[in-house]
Every structure is written in C-alpha cells, then in structure tokens.
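> Next up is a structure, given as structure tokens.
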Amino acid sequence: MNKILPLLVLALIFSCSEPKINTADKAYFTTWEHYLGDPERTHFSNLDQIDTTNVSQLKLAWSYKSGGLQEGRTTQIQTSPLMIENVLYGVNAAIELFAINAKTGEEIWKFSPKTKDESGLGLNRGLNYWKSEGSAPSRIFFSSGPRLYAINLKTGQPISAFGNNGSIDLRDGLGRDPNKLSVVSNTPGAVFKNILIQGTRVGEGPGSSPGHIRAFNVLTGEILWTFHTIPQPGEFGYETWPAEAYKKVGGANSWPGMALDNEQGIVYIPTGSAAFDWYGGDREGSNLFANSLLALNANTGERIWHFQMVHHDIWDRDLPAPPNIVDIVRDGQTIPAVAQVTKSGHVFVFNRITGEPLFPIEEKSYPSSTLIGEKAFETQPLPLKPRPFARQILTEDDLYAPNRTAFVDDLVQGNENEGNPTVLEKFNSITSQGQFIPMDTTGVILFPGADGGAEWGGAAVDPRHGVMYVNANEMAWIIKMTEVGGDEEGASVGQSLAQIHCARCHGGDLQGLNGIPELQNVKLRLETDSIKSIIQKGRGAMPGMPNLSEEETNAITNFLMDIEEAKDHRVEKTKIDVPYSISSFARFKDDRGYPVIKPPWGTLNAIDLNTGEYLWTVPLGHEESLQDPNVPVSGLENYGGPVITKGGVLFIAATKDEKIRAFHMQTGKQLWEDQLPAGGYATPITYQIDGRQYLVISCGGGKMGTPSDDEYRAYALE
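All residue numbers for the sequence shown refer to the UniProt record's numbering, where the first residue is 1 and numbers rise by one.
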C-alpha cells in the first residue's frame, strides 16, 4: 500500500513559509538532552549532515554491549538514551544505568541499583536530565523498581541530598498504605525549572495503586504538588465516579510520559484506563481523569483544561504515548497546538492554550454491555479528521487466508490443529463490529489490538511544517470474558483468584499468552516460596501484587502447586467484587503465525496536521517468510518510534524483522536499512560530535518471540 501524493504538491507543502517555532532553533540539537529530543516531544533534530543523498552510506561507527542479559529469561531494552556533553546515558536489560563515550562507545561508569530485580514490569524507556546553574550537581533521574534515583552525571553515584540518600520511594504520598502498593516508572516525566513532574505505571487488575500525578523538588525529592487523576470530594470530576471510588479504585495513571510547553508553563499529560481495565461494574460513570489528555499548570498542578478520549474505559485504551507540541497554520494564522495519538488509531488535535479541538469531534453512540453489573458509557468521542491511521473494523473481506486454521493462543498449542476452526469459522463465531463494542463471554474482536494502532513509541512532528509521522500496528486481537469460577461448581479460592489476577496475562487456562510463560506446570519449575515471592514482589515484566493478603497469596500459590485447600466464604466475596475475568487475550492469527488480516500488518504514515490530510502511507517492515507475489512488502507489527531530521530523513527500527531503516520524509521512499543484532524496540536518537552526526539505537530484542540482546549501536557516515 503506497498512497503518495504528487511530488509537486509535497514540494509546495515543505517549501511553504515556516511558522515561528522555537524548537527548530535550539542549540541542544547537537546533543540529545531530552527524552524524544526536546520537552515538546517532537522527535526532531536540526542536524542535516546525514541527508537523503548520502544516508545510504551509513556504516557502523561503534557498538556497546551493555550487559544485563539473564540466562533463561526474556529481557528487553526499550530505552531511548540521552547524549549530554559527549557522554551517552542509557539503561541495560537488568535496569542498570550506564555512561559511555558517545563518540567511541567506551564505558565510563555503571550504576547498579539494589532495586533492579524488584522492578516488576522491568523496563526503562528513558531518562530525565536537570542541568544545574549553581553549586548543586547536575543530575540524571532514573527509575528502578519503586524508587526514583537522582544520579550525579560525572560519578554515576546517587546524590545523597535527594530524598533518602539519593532516591525516593514512588509508593509514598499516594494516600494509601505504601506496603500494599505496586508502583514503578518506566517512562520519564518532564523537568520544568526546578520541578520534576512524574507519572507512574501501576497494575491494571483489581486492587491496583492509584495513578496520581506528582511534582518533586529536583534538589530534595520533596513532593511539591499532587494532581488526583481519580478526583476526591470537592475536586472537579468527583461526580463522574461512585462516591468511594477514590479510596479503592486504581489506575488512571500516566505511564507513557508527557510533553512540556516551557514558554507557557503548561505540562500535557496523557492518562490510562482505570483498574480493573476490562470490567468497570464498580466504577459507574465516565471516570475522569482516566483516558484523558490533561493540561496542567507546571508550577502548581492546577488543571487548565482536559479532554477525555474514552469514557468509562473497558477496552484498556490507555493513551499510549506522549503528546506532540507543534504549531500549525490555518488561514495564514499560526495556532499553538498539541496532538495526541491513540491506541484506537486516531489523532486528536487541540489548541494547546484553550483546549479547543482543531478538527471536529463527534460523540458517537455505542451499544450497552451484556455483562452483569457493567454499565458501558452510551457515547464515545471520535475525531472526524484526520482519518484513522489504522483500520477500524475487521470484516470477512479483510481476512487474508480465511480457510487456514485459526491460531489464537487459547485455541491452538504447537501444531495440534486437528479439530480447530478455520479463520473464517472463528471469525463468524465472535463479534466484530469495530471500536468500543463492549466485551462479552463469547469473544469480541479488538481492532486495532490491545497494544494499539499507536503504541508507546509515539509520533514525531516536524516543527517547521506541522507534519506528523506515526508508525501503526494492524493487528486484530480476540478478547473474551468469563465468570469468575467458571462452570466449575465450588471453585476454590485459589482458582478464582488466579482467574482474576493471573489469567489476564497468562491465559484463561494459564496456558501462556504472547510469549508470557504458562503456569499450568509452574510447579515443575519453581518452589512454593519462589512463587509466593514473585506474586508479592513481581519479577521482570510481571508486576508485584502486594495488595493481596497473605491468605490470598497462599491460596493462589496452593492452586498453582496443586495443594489441596479448604473451601471458604472468601470465594463468594471475590465473585461479588469482581464477577468477571479475562479468558482470552490474544492476537488473532492463522496456523502459520501470520495475522488474519490482509497486509499491510504495520505502516508508517505522514499526516499534515495543518489540513488533516495524509501525505503518504507505506508498509513498515517485511515478513521474509511470506511467499506471496501480491504482497511485495507485508509491513510488520512494530514497537518503538521514529526520529526525524532537518536532513529530510526519518529513522525507525521497531519491526519484528530486526532491522533499522531510513525513509525520505517527503515521499515515504525507503533509502537505507541495516540488520540489527536483535530487535530495536526503542526510539533512536541522533547527535553530533566534532562535526560528525551519529544515529544510535538500543537493540534489546525480546518482543514478539525474537531473541534478547544487550547491544547499543551507533551509525555514522564514513
């Protein structure tokens, strides 16, 4: 698929008079001192040594083995590093912070936090930098497990004056018992003056931690202000929840990062869904400020404006990436804008000062839920422009190989396909009606899938022209709910709790999903005490569940270990509080492992935000095992974002085929590619030292069944 406008039209767009954008003039673009390039999260660099005429000559300049691989465990590196004063700062697979010479890749120091194996959801996507103008040392803010560290740039050691001997516990100050909370921070927040504004990642099941936004003093770690994303009595939005929700409901957190308008002193914060994210019978209402873009006063945390993209989310439609701050031009007038991409494949664009939508938004009606106790919201907002960058409904005509055997992780294991339905038969047995159709116990197609059309890599915007570049996934998932306890009379406490807290990730029968290990035979791999510890503290990509009581932890452990337990009343209370759990949560594929939809399975898109029109769309990545003459480029599922440059080149890795590529920003034509040692599921950076421009990508692999690695790679012209 290639919808390229005539080159003359594109040339006129890119050569038109440029609005006054401060970002394009900032000197720090020879370095890379901010997550995603700048506080505005544009992903843009004004370097142009590498351009469309010479990018094909890029060669490997250096590589760095960062360490942290763990035998027998899948690890990832999703870090988009920083480059400050010729030193590159990144994070390895074991959540250790390192500093290396950005010109040669030679290691300078490494910091290994004590909390690195308590990380639960153990990923780090980037860092925050605060530059001192006084006697206090400049610092890197780095998160590991529940702790946020302030690290001296020069020594690699925690700065003792910050918090408790160099770190603060992100579980403190949330208004609940910190020992019962699971809180981490995978993505950097924003630094405004001497204020660090930080979101968190929390669990998504019942009993999860609240997702307050907090601001900390960069010198001391003291909390300066808190914004309650689940409003408390007397606060705006309190009436959109049940009266006691703020005491017990979790989530509504900001895990993907945020953008900052330094001149206006406004921070733009996207939030995720409330927990439990697939059933909201205990949280009737629209649930502000879950699934919202918040514009807050960076000094005080006061709300300036907000927009909620999903009312009463029961589809896990978190806002997946930081918004992009950019100016656009309408009728010759420059308008300050902020654009937010979504998992559903939409772009919402607002006047960033007033919150006024810059394209029409329709509140569309949707059906009610069939689940007991669930009251789905009657309408959902959809922008009329730009059109979605991912397909919105899976139809029979969209099926790629309808007569192949269906492969859904909870249907087919290995090659045992006999008796399983075809793709078409499976499709006809479940509901596929597009966005915001409530989940049921039969099965509903979520399209784009649970990881989103847009995901955490986010979009880039060219501050000179107002053009957005966004990579998208075209993947259908099947989501199915089940009553807790199922059809088995007298289900044990442990079985019911495992359905609620484990099946979401490990599958309805705990058979393993999406690369997550099965638990049916976990008793053959782990001892009882190890299972208890992992449930309580988490490990790797699994969050801990300290909110569970000792009795509940023991009950789950006993169930997994096949230890008999006494039946008691607690299962009845569990069934009342959380009547449903997920039994299917999986990509919909055929027996070859290919998505059931017709290619492309991943795309790269250029959208003119001034007009809302697409400039081009091309497939991103290729499944080389696909022998189909009608599909020269398949596109692939992808994780990680693009970087764009004044040289007219867009760089992106992200794809399952483990390559990094360069595209012409005006036409979408691929100009260069290189095979990486492992998947580059991160956003690249670019900087310049001694007149030479470098491109750096972390190659951690570990997603979509690809091998893990620990290498950072730098490319440059010879």
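For each residue, glycine too, the CB sits at the ideal point set by N, CA and C.
Helix, strand or coil: how does DSSP classify residue 417 here?
Against the sequence shown, residue 417 aligns to sequence position 417. Residue placement at residue 417 is flagged as unreliable, the pLDDT there being 48, under the threshold of 50; the coordinate-derived value follows with that caveat. Coil at residue 417, not helix or strand.
> Report, in whole angstroms, the separation of the C-beta atoms of residue 50 and residue 693, which I expect to be a contact under 8 angstroms.
The residue you call residue 50 lines up with position 50 of the sequence shown. The residue you call residue 693 lines up with position 693 of the sequence shown. Contact holds; Cβ gap of about 5 angstroms.
> Could you name the residues that DSSP lists as bridge partners for residue 169?
Counting from one through the sequence shown, the residue named residue 169 turns up at place 169. DSSP output for residue 169 lists 147 as bridge partner(s).
> Going by DSSP in three states, residue 35 sits in which element: helix, strand or coil?
Looking up residue 35 in the sequence shown gives position 35. Correct three-state label for residue 35: helix.
> State the DSSP-derived secondary structure class of residue 366, mapped to helix, strand or coil.
Counting from one through the sequence shown, the residue named residue 366 turns up at place 366. Three-state DSSP puts residue 366 in coil, outside helix and strand.
> Given this structure, state the Cα-to-Cα distance separating residue 332 from residue 612, to the nearest angstrom.
In the sequence shown, the residue the question calls residue 332 occupies position 332. In the sequence shown, the residue the question calls residue 612 occupies position 612. Residue 332 and residue 612: Cα-Cα distance of roughly 16 angstroms.
> By alpha-carbon positions, which one of 207, 644, 319 ends up nearest to residue 52?
Within the sequence shown, the letter at position 52 stands for residue 52. Residue 52 has its Cα closest to that of 644, out of 207, 644, 319.
> Taking residue 375 as the reference, give the member of 216, 278, 586, 336 with the closest Cα.
On the sequence shown, residue 375 is found 375 positions in, with the first residue counted as 1. It is 278 whose Cα lies nearest to the Cα of residue 375.
> What are the boundary residues of the beta strand (DSSP E) that includes residue 469?
Counting from one through the sequence shown, the residue named residue 469 turns up at place 469. Residue 469 -> beta strand (DSSP E) spans 467-473.
> Within its chain, find whatever has a CB closer than 8 angstroms to the CB of residue 506; leave out the 5 residues flanking it on each side and keep chain order.
The residue labelled residue 506 in the question sits at position 506 within the sequence shown. These residues qualify, in order along the chain: 512, 513, 516, 517, 518, 519.
> In whole angstroms, what separates the C-alpha of residue 650 from that of residue 663?
As a working note, residue 650 is residue 650 in the sequence shown. As a working note, residue 663 is residue 663 in the sequence shown. Taking the straight line from one Cα to the other gives about 5 angstroms.
> Would you say residue 721 and residue 399 are within 8 angstroms of each other, going by their C-beta atoms?
It is not possible to answer for residue 721, since the shown part of the chain is limited to 1 through 718.
> Which whole-angstrom value describes the C-beta separation of residue 467 and residue 608, a residue pair presumed to lie in contact below a C-beta threshold of 8 angstroms?
Numbered from 1 along the sequence shown, position 467 holds the residue referred to as residue 467. Numbered from 1 along the sequence shown, position 608 holds the residue referred to as residue 608. Their Cβ separation, rounded to whole angstroms, is 6 angstroms, which keeps residue 467 and residue 608 in contact under 8 angstroms.
> Which residues share a DSSP beta bridge with residue 326?
The residue you call residue 326 lines up with position 326 of the sequence shown. According to DSSP, which records beta bridges pairwise, residue 326 is partnered with 337.
> Assign residue 327 to buried or exposed, taking buried as 16 or more other Cβ atoms, counted over all protein chains shown, within 10 Å of its Cβ.
Indexing the sequence shown from 1 puts residue 327 at position 327. Residue 327 should be labelled buried.
> So what does DSSP say about residue 719, is it helix, strand or coil?
One cannot answer for residue 719 here, as it falls past the ends of the chain, which runs 1 to 718.
> Taking the continuous alpha helix (DSSP H) assigned at residue 498, which residues delimit it?
As a first step, residue 498 is located in the sequence shown; it is residue number 498 there, counting from the start. Unbroken alpha helix (DSSP H) run through residue 498: 493-501.
> Suppose only complete runs of 3+ residues qualify. What are the beta strand (DSSP E) ranges in the region 279-323, listed by chain order?
Complete beta strand (DSSP E) runs here, min 3: 292-297, 303-308.
> Just how far apart, CA to CA, sit residue 147 and residue 163?
Residue numbering aside, residue 147 sits at position 147 when the sequence shown is read from its first letter. Residue numbering aside, residue 163 sits at position 163 when the sequence shown is read from its first letter. Their backbone Cα atoms lie some 10 angstroms apart in a straight line.
> What first and last residue would you give for the beta strand (DSSP E) that runs through residue 709?
Residue mapping note: residue 709 aligns to position 709 of the sequence shown, counting from 1. From DSSP, the beta strand (DSSP E) with residue 709 extends over 708-717.
> Between residue 83 and the rest of its own chain, which residues show a CB-CB distance below 7 angstroms, the 5 nearest in sequence each way excluded?
Counting from one through the sequence shown, the residue named residue 83 turns up at place 83. Here the set comprises 31, 32, 102, 685, 687.
> From the DSSP output, in three-state form, read off residue 504 for me.
Position 504 of the sequence shown, counted from the first residue, corresponds to residue 504. DSSP places residue 504 in helix when its eight states are reduced to three.
> Would you give the residue range spanned by the beta strand (DSSP E) that residue 60 belongs to?
Position 60 of the sequence shown, counted from the first residue, corresponds to residue 60. 58-65 is the span of the beta strand (DSSP E), which, as asked, contains residue 60.
> Consult DSSP for residue 178 and reduce its assignment to one of helix, strand or coil.
Looking up residue 178 in the sequence shown gives position 178. In the structure shown, residue 178 sits in a helix (DSSP, three-state: H, G or I).
> Under a Cβ-count criterion, where at least 16 other Cβ atoms within 10 Å of its own Cβ denotes burial, should residue 429 be classed as buried or exposed?
Reading the sequence shown from its first residue, position 429 is the one you call residue 429. Counting Cβ neighbours within 10 Å, residue 429 comes out exposed, since fewer than 16 surround it.
> Fully enclosed by the region 422-449, which beta strand (DSSP E) runs are 3 residues long or longer?
The qualifying runs are 444-446.
> Residue 715: which of 340, 58, 262, 68 sits nearest, CA to CA?
On the sequence shown, residue 715 is found 715 positions in, with the first residue counted as 1. For the residues 340, 58, 262, 68, the minimum Cα distance to residue 715 belongs to 58.
> Please report the straight-line C-alpha distance between residue 443 and residue 592, rounded to a whole angstrom.
Residue numbering aside, residue 443 sits at position 443 when the sequence shown is read from its first letter. Residue numbering aside, residue 592 sits at position 592 when the sequence shown is read from its first letter. C-alpha separation (whole angstroms): 22 angstroms.
> Per DSSP, residue 350 is paired with what?
Against the sequence shown, residue 350 aligns to sequence position 350. Looking at the DSSP assignment, residue 350 forms a beta bridge with 338, 357.
> Note down the Cα distance separating residue 247 from residue 351, rounded to an integer number of angstroms.
For the purposes of this step, residue 247 is identified with residue 247 of the sequence shown, where counting begins at 1. For the purposes of this step, residue 351 is identified with residue 351 of the sequence shown, where counting begins at 1. Residue 247 and residue 351: Cα-Cα distance of roughly 34 angstroms.
> With H, G and I counted as helix, E and B as strand and the rest as coil, what does DSSP make of residue 555?
Indexing the sequence shown from 1 puts residue 555 at position 555. Residue state, collapsed to three classes: helix.
> Just to confirm the assignment, what range does the alpha helix (DSSP H) spanning residue 531 have?
To locate residue 531, count along the sequence shown from 1; it is residue 531. Residues 528-537.
> Checking contacts by CB at 8 angstroms: is residue 133 closer than that to chain B?
Given the protein chain composition of this structure (a single chain), no chain B is represented.
> Compute the Euclidean distance between the alpha carbons of residue 410 and residue 441, then round it to the nearest angstrom.
Within the sequence shown, numbered from 1, the residue matching residue 410 stands at position 410. Within the sequence shown, numbered from 1, the residue matching residue 441 stands at position 441. Confidence in residue 410 is poor, its pLDDT being 49 and thus under 50, which makes the residue's placement unreliable; the coordinate value appears in the next sentence. Taking the straight line joining both Cα atoms gives about 14 angstroms.
> Could you tell me which uninterrupted beta strand (DSSP E) segments, each at least 3 residues in length, are contained entirely in the region 569-608, listed from first to last along the chain?
As far as the region 569-608 is concerned, its whole beta strand (DSSP E) runs of at least 3 residues are 580-587, 602-608.
> Helix, strand or coil, according to DSSP, for residue 94 in the structure here?
Along the sequence shown, read from residue 1 onward, the residue named residue 94 stands at position 94. Residue state, collapsed to three classes: coil.
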